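Residue numbers (our numbering): 2 to 61.
One structure is given below, encoded as structure tokens.
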């Protein structure tokens with residue numbers, strides 16, 4: 002069985018998984034929204050600029 006794991010490394014504890022890449026992306030959006038409800042996380046994002054996005058698939 003394959004699971005896709007996604008994370009937002011600038012937000013501590015911000016990761017999730019899904020059986021499809023679309024589900025994993027939907028899930029990470031929800032996690033990011035929950036974390037951003039905290040004011041501290043909002044401050045982190047103010048100074049962050051997206052510099053890299055990567056997708057890696059490993060099949061065992």
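C-beta atoms are modelled at their ideal positions from N, C-alpha and C, and glycine is treated no differently.
Predicted, not measured: the structure shown is a model, and the values here were computed from it.
Which value, in whole angstroms, describes the spacing of the CA atoms of residue i and residue j?
i	j	result
residue 32	residue 5	15 Å
residue 38	residue 22	25 Å
residue 28	residue 48	24 Å
residue 34	residue 3	25 Å
residue 9	residue 20	18 Å
Helix or strand or just coil, what does DSSP make of residue i?
i	result
residue 8	strand
residue 31	helix
residue 46	helix
What does the Cβ neighbour count give for residue i, buried or exposed, with the cut at 16 atoms within 10 Å?
i	result
residue 7	buried
DSSP puts residue i in a beta bridge; with which residues?
i	result
residue 19	5
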